[in-house]
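Residue numbers (our numbering), protein chains in the order written: chain A, 611 to 866; chain B, 611 to 866.
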DNA sequence: TTTATTAAGTGTGTATTTGACACTTATTAT
DNA sequence: ATAATAAGTGTCAAATACACACTTAATAAA
């Protein structure tokens, strides 16, 4: 039996990293300068952070490595959400120049396992990137054209986030340890793209038991200072499919 | 730039195929006879159906091919649910004999994209398998030890099924086109492993709009004949996150 | 020091949905 | 004729959802 040359695809992980700051959901992207042979200037290319999976890594570990290399953070909420494997998802891309600079075989098929990360963007100290590469936070409504099929991956991630945030108490992962009701509501309004009723929202959140009030309050704000709350991670995890509601007519019934 | 030999993993799709018959959820497994050099008898090995992804296939297509080769069916409900990529998930397996019979490099790493299929088991005409291989329906509470990490994959699939059946109207995919309320309720009771109240169940299902009554009824049954219903696939898909409800205390509030 | 501005914080009544509960009906088998 | 079986049906009380507007505490501005 002869050994035919391996045509196995490469396997990578890509991370769709969400953050929340200034009332805006943001995406952490890689920005690269790509030499353009024609213009002799650099083209700018944005992409999701990702890397090929190493021989001794499982998929979660690979994604966590990508995340840690970029942000310096460990123990972040990170969950696999979909795998993309169109045979031409890389080869049909216009981004050969980049591929040639990072891979031995730029034409090879790459199957990528996509992860979604939720991160308190205050915690991030962006790691000093290499000469031609840096990480940038981009508001989700200003996401530029991305490399390969990364726009599709991002859109799927956003859809998954919208869905999951209504099912599971994961929104908290985007906030600092201590947060106010206002921040929390604004986060949900941003993700769900609709207004929520303040009183109903508070009531549900409090009654759900997944957050606890502190005695501490804001200081230095030019309005009534808000109370801080913390997320009860243990409680939420031991009451798994917890807090939020759907309704029969198809509408969600979360917060108003 | 020298070309190093490819150590890329293989990529496969595996299908966790659920069916429902005789009030029981069942799994469609491959049963293989593996020659055992010591005993000179055959060992029996069960596994999830799956195959390496072909060069020109995307992942969905690969999984659909596996499903079609086994059942002869196309257009089946099939959804990707998780990718498994532990570096040792294959190599540490005791099932080398099988690997040697099907693969050139039995030690290679294989990353597998797992799919969940829901199928009306009445529709299945199991395709004549090869000499040493056949497909069998196994009740989910009698699933034997499976090859590789397939037990884990199956368990994750079952968990995903339980979760999704409460969020989306997918249970119908396991039933024939025409079904009775009794069948539908029994399906849900089986998946959720608890009893549901008959009147409340009917009310919710009818009110949700995802099923419609026919005038046709059962014939030849030795009790009051049940009305048949059909699933409104279009309606359900255009009212996406539809019918079912959760409750704030963490309990699901589907049907009673 | 008064006034304006801002966001926080709070309660109630009505409508809808849930969940518990038991008897009658239509068919075949005996 | 009678028994056996599963289908089919309605109501009431409790819980939850939803709509809605004013007061409070702080800083900023005048």
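Quick reminder that beta carbons are idealized off the backbone N, C-alpha and C, glycines included.
**Study point:** residue 751 of chain A - containing alpha helix (DSSP H), residue span
**Key:** Premise fails: residue 751 of chain A is in no alpha helix (DSSP H) and is neither H nor E.
Exercise for review: Tell me, please, whether the CB atom of residue 620 of chain A is closer than 9 Å to any CB atom in chain B?
Suggested key: yes
Exercise for review: Answer with yes or no whether the minimum CB distance from residue 663 of chain B to chain A is below 9 Å.
Suggested key: yes
Check your understanding: If you drop the 5 nearest sequence neighbours on each side, which residues of the same chain put their C-beta closer than 8 Å to that of residue 674 of chain A?
Key -> 684, 686, 688
Review point. Three or more C-beta pairs closer than 8 Å, one from the region 710-727 of chain A and one from the region 790-810 of chain A: is that the case here?
Key: no
Review point. Residues bridged to residue 684 of chain A by DSSP?
Key: DSSP, once it has assigned bridges, lists no residue as partnering residue 684 of chain A.
Review point. In terms of residue numbering, what span does the alpha helix (DSSP H) encompassing residue 792 of chain B cover?
Key: 791-802
Point to revise | Per-residue DSSP class, three states only, for residue 769 of chain B | key: helix
Review point. Just the Cα atoms here: how many angstroms apart are residue 619 of chain A and residue 617 of chain B?
Key: 10 Å
Review point. In chain order, what residues of the same chain lie with their CB nearer than 6 Å to the CB of residue 858 of chain A, ignoring the 5 residues before and after it?
Key: At residue 858 of chain A the pLDDT is 35, less than 50, meaning the model places this residue with poor confidence; the figure from the coordinates comes in the next sentence. Closer than 6 Å at Cβ, skipping near neighbours: no residue.
Check your understanding: Thinking just about the alpha-carbon of each residue, which of A/793, A/760, A/652 is nearest to the one in residue 631 of chain A?
Key -> A/793
Point to revise | From A/622, A/640, A/625, residue whose alpha carbon lies closest to that of residue 748 of chain A | key: A/640
**Study point:** Short CB-CB distance (under 9 Å) between residue 768 of chain A and chain B
**Key:** no
Practice item. Note down, in chain order, all residues in the region 710-736 of chain A with a beta-carbon under 9 Å from any beta-carbon belonging to chain B. Key: 714, 715, 718, 719, 721, 723
Review point. Just by C-beta distance, which residues in the region 665-696 of chain B are closer than 9 Å to chain A?
Key: 665, 666, 667, 668, 669, 670, 672, 690, 692, 693, 694, 695, 696
Point to revise | Under 9 Å between C-beta atoms of residue 731 of chain A and residue 784 of chain A | key: yes
Check your understanding: Buried or exposed: where does residue 702 of chain B fall if 16 or more other Cβ atoms within 10 Å of its Cβ makes it buried?
Key -> exposed
Review point. For residue 617 of chain B and chain A, any beta-carbon pair shorter than 9 Å?
Key: yes
Practice item. Compare the C-alpha of residue 691 of chain A against each of A/652, A/773, A/755, A/657 and name the closest. Key: A/773
**Study point:** Beta-bridge pairing of residue 743 of chain B - partner residues as DSSP gives them
**Key:** B/642
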